[in-house]
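Below you'll find the structure, written out as structure tokens, and then a few comments.
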Ligand SMILES: Nc1ncnc2c1ncn2[C@@H]1O[C@H](COP(=O)(O)OP(=O)(O)OP(=O)(O)O)[C@@H](O)[C@H]1O
Ligand SMILES: [Mg+2]
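Protein chains in written order, with this note's numbering: chain A, 62 to 547; chain R, 50 to 349.
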């Protein structure tokens, strides 16, 4: 490999076919005279722009486009040299750091010598060590291309905002499961909004046996084993549900507050009594109708109960998770969209409440396709207020443009799986931790289950990893129309 | 510059599709660099033939020579021996200048390939690049005659195409004279009297085979009766593809031997790595872009 050009923080390197370098690889450009080295990452591999190659290709095609067969008498054996040149590559590399005395700094303003520098591949473990991507709480994400392990530290997710995104079926949920199980393993409290009910079997191995997480995975299915009693509910949380999930207008909301107060004073906060109060309250009929329709939505959701004993599970499981680590999986699979919003409002309200009172220390929240159930105002909340309280969110989505731009800007870690769509990549490129060129060039070529990790977890050295497998029971078989026919 | 007469009536041609082998030869040479002592020359030759609708090629080279003022005579004589070229008639004792070496070496290879084809093809059409003029530079009349004789013995007819010509008629280059006549046709050229020792071994025509303003000088072995010459051209029309009046077989031969910038770089690398020769003056790669047709009569 030879240093060819430097423009800004892009270095171009000429490489020959016997030097197998791929996108995502790290190279070390060592200039021994100044005792410094540049660490660069290959973000694109192109054909070297050899003069006349286009003419050469054109000329090698006869009329009709068929290859002409023949023999070469080539006593000097020049032909291999010719193909060697033909296959020369130009590596576009992004400067990631300068290394001086084993210390890395982001400076890229110096220029290594073109004639004297040596260029060689840098293995991921070497880089990880130099970059000090290590710690006491390792999470093995999987293998790198040179069959080394990529390990990040759980603390790099702590207090952080993360995004897992990629095309459909590329392995986002799988990675999310891997991360949350590792967090649980280190004793963290995790809450998952499980839209498709695919996290419910995390405690079971693929052959149906219980695994080490069995007692730490707590599946809460709304209106089944997960209900709330009005008595436990803060008015604020219920109002959030009424206003945001059920769109109750302002005047009716005011009336509702009064009703709630009167019930509370009489210690009569039951569904039945609430219905009675609405029926008998002295108010405008429009208001009454509005309240009734919301009341029936609450009742019909099946999520509310008057039996307090039936409604202790969330808190109880959260406390258990706090003690020994655990994941509360909120199974939203068969929940209608309105009920989903009710449940999410409730859970988030509850979390804030418990965190505010320091009944919980911190919670890692994994939210699959959050735009489906997260109301507008929560997005900002999540990165400001909730983060402050100790809710550390990981968004998982295959539609990157459903995540707000400010979330991208604030994201600390981005786990990017394959995307081919330019618009999707455009959205991800807005992340402060990503540079558009790296994202676009590498993500488009990622095979399924391969992930480009960006951000603090890798000390801003973007790395590609093949996410390792998990021995867990996956969601029931996909329902297919043609399955039994062949 | 020579002034000649163009036949007043074009010879209209009909395509004759009876199967005939078409074979073509071309060579190419160039200087790929200079060393402190001399120059590096590379040559390559290609034969292409069309048989039953398929083109095939046989390529020789690239051969690389390091020619210096000291060794040029030896190189030259060795090649002459190697390609069994008979000593040529004049300037017998001197070897060419360094600058002439590339084309000289190439023409050794070219004549050798001509000889080879003339001895291996039967009842075919053999296409040369250039003209059938002999007695210039390395084209010895004796050798050229031998090639044509050999070819004829096997029922082959040699046709030489050249793009560049300096023959003029009424002040116009013969290839620029366009008649309102529908191609394909030939125009016979008369009155061509080369200065001795240069000899003309062919009858000369202007050939225009396709629409568009392209025509070539075409020399056909003059020992072949005119009717057979014309029939040969008609068979060529029926057996080869043409673009811009130029036969595809010959175009391919040209393509297969010319060097591309990429190949030149590869050879320079090869020399530097293998022989540790220091190349001081490299040719400009951007000038290495060739036109689609052969070198023409002046170059070979
Ligand atoms: N690294 C991996 N090793 C083994 N299996 C994997 C891996 N990643 C994903 N899978 C499997 O591939 C399938 C798709 O993965 P997953 O459900 O995680 O994709 P997804 O990106 O979340 O898809 P969707 O867009 O539908 O949500 C699943 O069956 C999963 O078990
Ligand atoms: Mg998924």
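We put the beta carbon where it would ideally sit given N, CA and C, even for glycine.
Considering only the alpha carbon of each residue, which of the options lies closest to residue i?
{"i": "residue 115/R", "options": "86/R, 99/R and 107/R", "result": "86/R"}
{"i": "residue 528/A", "options": "372/A, 158/A, 204/A and 191/A", "result": "204/A"}
{"i": "residue 98/A", "options": "87/A, 106/A, 306/A and 474/A", "result": "87/A"}
{"i": "residue 326/R", "options": "62/R, 84/R, 63/R and 69/R", "result": "84/R"}
{"i": "residue 347/A", "options": "311/A, 62/A and 273/A", "result": "311/A"}
{"i": "residue 136/A", "options": "113/R, 172/R and 214/R", "result": "113/R"}
{"i": "residue 461/A", "options": "477/A, 288/A, 132/A and 453/A", "result": "477/A"}
{"i": "residue 105/R", "options": "306/R, 298/R and 316/R", "result": "298/R"}
{"i": "residue 177/A", "options": "100/A, 390/A and 93/A", "result": "93/A"}
{"i": "residue 266/R", "options": "66/R, 209/R and 176/R", "result": "209/R"}
{"i": "residue 139/A", "options": "171/R, 68/R and 108/R", "result": "108/R"}
{"i": "residue 459/A", "options": "444/A, 448/A and 482/A", "result": "482/A"}
{"i": "residue 294/A", "options": "269/A, 328/A and 63/A", "result": "328/A"}
{"i": "residue 219/R", "options": "239/R, 324/R, 291/R and 213/R", "result": "239/R"}
{"i": "residue 161/A", "options": "108/A, 96/A, 106/A and 115/A", "result": "96/A"}
Roughly how many whole angstroms lie between the Cα atoms of residue i and residue j?
{"i": "residue 309/A", "j": "residue 299/A", "result": "11 Å"}
{"i": "residue 92/R", "j": "residue 211/A", "result": "53 Å"}
{"i": "residue 312/R", "j": "residue 146/A", "result": "8 Å"}
{"i": "residue 202/R", "j": "residue 70/R", "result": "16 Å"}
{"i": "residue 354/A", "j": "residue 410/A", "result": "23 Å"}
{"i": "residue 279/A", "j": "residue 352/A", "result": "34 Å"}
{"i": "residue 260/R", "j": "residue 294/R", "result": "8 Å"}
{"i": "residue 53/R", "j": "residue 130/R", "result": "38 Å"}
{"i": "residue 334/A", "j": "residue 296/A", "result": "16 Å"}
{"i": "residue 59/R", "j": "residue 198/R", "result": "28 Å"}
{"i": "residue 180/R", "j": "residue 225/R", "result": "18 Å"}
{"i": "residue 217/A", "j": "residue 517/A", "result": "6 Å"}
{"i": "residue 141/A", "j": "residue 128/R", "result": "26 Å"}
{"i": "residue 156/A", "j": "residue 170/A", "result": "10 Å"}
{"i": "residue 422/A", "j": "residue 345/A", "result": "45 Å"}
{"i": "residue 213/A", "j": "residue 184/A", "result": "16 Å"}
{"i": "residue 270/R", "j": "residue 145/R", "result": "29 Å"}
{"i": "residue 267/A", "j": "residue 275/A", "result": "13 Å"}
{"i": "residue 224/A", "j": "residue 89/A", "result": "30 Å"}
{"i": "residue 98/R", "j": "residue 302/R", "result": "9 Å"}
{"i": "residue 330/A", "j": "residue 219/A", "result": "38 Å"}
{"i": "residue 343/A", "j": "residue 316/A", "result": "10 Å"}
{"i": "residue 470/A", "j": "residue 525/A", "result": "21 Å"}
{"i": "residue 249/A", "j": "residue 419/A", "result": "15 Å"}
{"i": "residue 375/A", "j": "residue 391/A", "result": "9 Å"}
{"i": "residue 534/A", "j": "residue 272/A", "result": "10 Å"}
{"i": "residue 401/A", "j": "residue 393/A", "result": "6 Å"}
{"i": "residue 446/A", "j": "residue 64/A", "result": "49 Å"}
{"i": "residue 231/R", "j": "residue 487/A", "result": "59 Å"}
{"i": "residue 157/R", "j": "residue 208/A", "result": "57 Å"}
{"i": "residue 288/R", "j": "residue 121/R", "result": "43 Å"}
In chain R, what lies closer than 7 Å to residue i by C-beta?
{"i": "residue 130/A", "result": "105"}
{"i": "residue 78/A", "result": "Correct list: empty, because the minimum Cβ distance to chain R is about 12 Å."}
{"i": "residue 133/A", "result": "108"}
Please list the partners that residue i has in chain R, where partner means a Cβ-to-Cβ separation under 8 Å.
{"i": "residue 263/A", "result": "Per Cβ cutoff of 8 Å: no residues; residue 263/A is ~56 Å from chain R at best."}
{"i": "residue 111/A", "result": "310, 311 and 314"}
What does residue i reach in chain R if we use C-beta pairs closer than 9 Å?
{"i": "residue 145/A", "result": "315 and 318"}
{"i": "residue 137/A", "result": "110, 111, 112, 113, 316, 319 and 323"}
{"i": "residue 114/A", "result": "309, 310 and 311"}
Give the residues of chain A in contact with residue i, contact being defined as C-beta atoms less than 7 Å apart.
{"i": "residue 312/R", "result": "143"}
Query raised in the report: Can you list the alpha helix (DSSP H) stretches of 4 or more residues lying completely in the region 453-520 of chain A, in chain order?
Result: 466-471, 483-490 and 497-504
Query raised in the report: If you measure from each residue's Cβ to the nearest non-hydrogen atom of ligand 1, which ones come out under 5 Å, in chain order?
Result: 229/A, 230/A, 231/A, 232/A, 233/A, 234/A, 235/A, 459/A, 510/A, 528/A, 530/A and 535/A
Query raised in the report: Which ranges does the alpha helix (DSSP H) cover as unbroken runs of at least 4 residues, wholly within the region 265-339 of chain R, from first to last along the chain?
Result: 275-288, 297-306 and 310-324
**Report entry** Whole beta strand (DSSP E) elements within the region 85-171 of chain A, 3-residue minimum
**Finding:** 87-92, 97-108, 130-134, 150-161 and 164-166
Requested in this report: Report the residue ranges of all alpha helix (DSSP H) runs contained in full by the region 333-369 of chain A; include only those spanning at least 4 residues, in chain order.
Outcome: 346-362
**Report entry** beta strand (DSSP E) segments (min. 3 residues) lying fully within the region 102-133 of chain R
**Finding:** 103-117
Query raised in the report: Going along the chain, which unbroken runs of the alpha helix (DSSP H) with 4 or more residues stay wholly within the region 271-323 of chain A?
Result: 296-301
Requested in this report: List in chain order: all unbroken beta strand (DSSP E) runs of 3+ residues lying wholly within the region 50-107 of chain R.
Outcome: 71-83 and 87-100
Query raised in the report: In chain order, which continuous runs of the beta strand (DSSP E) of length 3 or greater are located wholly inside the region 173-239 of chain R?
Result: 174-178, 206-211, 216-218 and 234-239
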